[in-house]
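Step one of this worksheet: look at the structure below.
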Amino acid sequence: MVIVMFEYLIYVFIVIMILILIRAALGPSFADRAVALSALGNILVLIMVIYSITIQNPMYLDIAIVFAMLSFAGLLAIAKYAVWHHEIKQERGDKK
Amino acid sequence: MIDILIQVLLYISAAFMVLGAIGMLRFPDLYTRIHAATMITVGGVCFSLLILAVTTFWNVYTVRIIIITIFTLITSPTISHALANSAYKIDIKPKRIVKNEMSQRVLRAMQEEEEEL
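Protein chains in written order, with the working numbering: chain U, 114 to 209; chain A, 32 to 148.
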């Protein structure tokens, strides 16, 4: 019953994703890119849910759940790895 | 009637997302950009997912959409906090800052760790 309106909503999502991709491309530090990728992943989850409601197939909802979990784990790993890498680089700089 | 209401609410959440995306482009700093990205997630995505859960009431879709909503509401602030914390530890300071209370705490904690060692 609410299928027709999603056609126009997809174009709005495409514009938003292009704006976020510009920020992910020219973000100065790693955290800018990671935050942009987090927002991008959430919008992708929303698009998957809308698509699964549109084509009346609940398979994409499971894919959306797994995608959200993997995005969460990957971004946490990026956040931990950056601090670790910085500490190792500082130790080497002190030795030299 | 309800279709028009749902459509208006979905476009309101899309407007939130457009404002957040413009904020991510225009803000000068990492921490303000994190604020804009969290506005995209909570004001746009979670709001839209709640509207879709009400729309498909009561279905196979509804339970999974509610699960995705709760999961996104929990994990998005966690990711923002972890990224801001690690960015502060790598000496990315906020611009135009007047008073930094965090630096004293960090220095004190580092001194305590050195004393313990």
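Where a beta carbon is used, it is the ideal one built from N, C-alpha and C, also for glycine.
Please classify A/I33 as buried or exposed, where buried requires at least 16 other C-beta atoms within 10 Å of its C-beta.
Per the 10 Å Cβ criterion, exposed.
Under 8 Å by Cβ, that's how I've got A/L50 and A/I82 pegged, so tell me the actual separation to the nearest angstrom.
Going by Cβ atoms, the distance from A/L50 to A/I82 rounds to 18 Å, so no, they are not a contact pair.
Using only the alpha-carbon positions, how far apart do A/K120 and U/I163 sit?
CA-CA distance, A/K120 to U/I163, rounds to 39 Å.
Could you give the DSSP three-state label for A/L148: helix, strand or coil?
DSSP places A/L148 in the coil class of the three-state scheme, outside both helix and strand.
Would you say A/T63 reaches chain U, if we count a Cβ-Cβ gap shorter than 8 Å as a contact?
So, not an interface residue.
Chain U contact residues for A/T87, given Cβ-Cβ distances below 7 Å
At a beta-carbon threshold of 7 Å, the residues of chain U lying near A/T87 are I166, ordered along the chain.
C-beta neighbour in chain A for U/A147, strict 8 Å:
It does; some Cβ of chain A falls within 8 Å.
Length-filtered (4 minimum) alpha helix (DSSP H) runs lying within the stretch 142-209 of chain U:
Taking only runs of at least 4 residues, the alpha helix (DSSP H) segments lying wholly in the stretch 142-209 of chain U are 143-167, 172-208.
Quick check on the DSSP output: the alpha helix (DSSP H) that includes A/N116 runs from which residue to which?
If you look at A/N116, you'll find it in the alpha helix (DSSP H) that goes 91-120.
Please classify A/T87: does DSSP put it in a helix, a strand, or coil?
Coil.
Which residues in chain U have a C-beta closer than 7 Å to the C-beta of A/S79? List them in chain order.
Going along chain U in sequence order, the residues near A/S79 (Cβ under 7 Å) are L159.
Note down the Cα distance separating U/I176 from A/S134, rounded to an integer number of angstroms.
U/I176 and A/S134: Cα-Cα distance of roughly 42 Å.
Where A/E132 sits in the DSSP three-state scheme:
Three-state DSSP puts A/E132 in a helix.
Nearest-angstrom beta carbon gap, A/V76 and U/V159 [assumed within contact, 8 Å]
The residue you asked about is not Val; residue 159 of chain U is Leu in the sequence shown. That pair is a contact at about 5 Å.
If you follow the alpha helix (DSSP H) that U/M130 is in, where does it begin and where does it stop?
Following the DSSP letters along the chain, one finds U/M130 inside the alpha helix (DSSP H) bounded by residues 119-139.
Closest to A/A118 by C-alpha separation, out of U/Q203, U/V196, U/E200, U/I201, would be which residue?
For A/A118, the nearest C-alpha among the options comes from U/V196.
For A/F47, name the three-state secondary structure that DSSP assigns.
The answer is helix: DSSP assigns A/F47 an H, G or I state.
With 8 Å set as the bound, which would you pick, yes or no: does the beta-carbon of A/K120 sit closer than that to a beta-carbon of chain U?
A/K120 counts as touching chain U.
Taking only beta-carbon positions, decide if A/R95 is within less than 8 Å of chain U.
At least one chain U Cβ lies under 8 Å of A/R95.
Three-state secondary structure assigned by DSSP to A/D60
The three-state secondary structure of A/D60, taken from DSSP, is coil.
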